[in-house]
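Q: This is the structure I have questions about; it appears just below.
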Amino acid sequence: MQEKLREAEQRLFWGMSLPDQRHVLNVAYTAIRLAAGKENLDVQLLVRCALLHDVGRQNGDVSTWDKIIAVLLHAAMPKAAMSWAKEGRGGKIDNVRHAVYIYFNHPKRSAIFLREIGTESDVIEIVSRHHKAPVKDEPPELALLRQADSLN
Ligand SMILES: [Fe+2]
Ligand SMILES: [Fe+2]
Numbered sequence: 021m022q023e024k025l026r027e028a029e030q031r032l033f034w035g036m037s038l039p040d041q042r043h044v045l046n047v048a049y050t051a052i053r054l055a056a057g058k059e060n061l062d063v064q065l066l067v068r069c070a071l072l073h074d075v076g077r078q079n080g081d082v083s084t085w086d087k088i089i090a091v092l093l094h095a096a097m098p099k100a101a102m103s104w105a106k107e108g109r110g111g112k113i114d115n116v117r118h119a120v121y122i123y124f125n126h127p128k129r130s131a132i133f134l135r136e137i138g139t140e141s142d143v144i145e146i147v148s149r150h151h152k153a154p155v156k157d158e159p160p161e162l163a164l165l166r167q168a169d170s171l172n
């Protein structure tokens, strides 16, 4: 599956934690399954987006525990969590704030990392919008990626 990625993209892929690597692979397989029989879908693009959508979360950025706290904080008080988020690791509290920051901003970071290595713009656009609410006239691959993501 990872052979769909160029070398620099593979480095971002391998830079994710193992659970995240497993997650994006599962998203890719689910997306392929959901795409079956649908027309006007670029499956190659879809798979590339699936494999790369979460590379903004690199290994060591956020511990599993901090990630759990970030998810809980977001569920309990999304607005407060968003304004409390802060980039940059440091002490215990800083690391939790950083985890919340990554939770909200990983699509943007994925897009920045991919732009740096010259990934094509249609992948970057879809990746950067994968947690945004659907809008009219968006690429069908984006809707499918969201669906596959939520199933994994
Ligand atoms: Fe994501
Ligand atoms: Fe994801």
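For this note's numbering, add 20 to where a residue sits in the sequence shown, where the first one is 1. By construction, the Cβ of each residue, glycine as well, lies at the ideal position given by its N, Cα and C atoms. Note that the structure is a prediction, hence the values are computed from the model and not measured.
Asp142: which of Val120, Val91, Thr50, Glu158 sits nearest, CA to CA?
A: Glu158
Q: Return yes when at least one heavy atom of ligand 1 lies under 6 angstroms from the C-beta of Asp157, else no.
A: no
Q: What separation, rounded to the nearest whole angstrom, lies between the Cα atoms of Asp62 and Leu38?
A: 27 angstroms
Q: Any heavy atom of ligand 2 closer than 6 angstroms to the beta-carbon of Asp81?
A: no
Q: How would you call Ala105, buried or exposed, if buried means at least 16 neighbouring beta carbons within 10 angstroms?
A: Buried, by the Cβ-count rule.
Q: What residue does the alpha helix (DSSP H) around Val120 start on, and which one ends it?
A: 112 to 136
Q: Since Asn46 is in the alpha helix (DSSP H), which residue starts that stretch and which ends it?
A: Element bounds for Asn46: 38 to 55.
Q: Report yes or no: do three or more beta-carbon pairs, one from the segment 48 to 59 and one from the segment 86 to 93, lie closer than 8 angstroms?
A: no
Q: Within 10 angstroms of the Cβ of Met21, are there 16 or more other Cβ atoms? Answer buried if so, exposed if not.
A: Classified as exposed, Met21 has fewer than 16 neighbouring CB atoms from the shown chains inside 10 Å of its CB.
Q: Could you pull the start and end residues of the alpha helix (DSSP H) that Met102 belongs to?
A: 98 to 104
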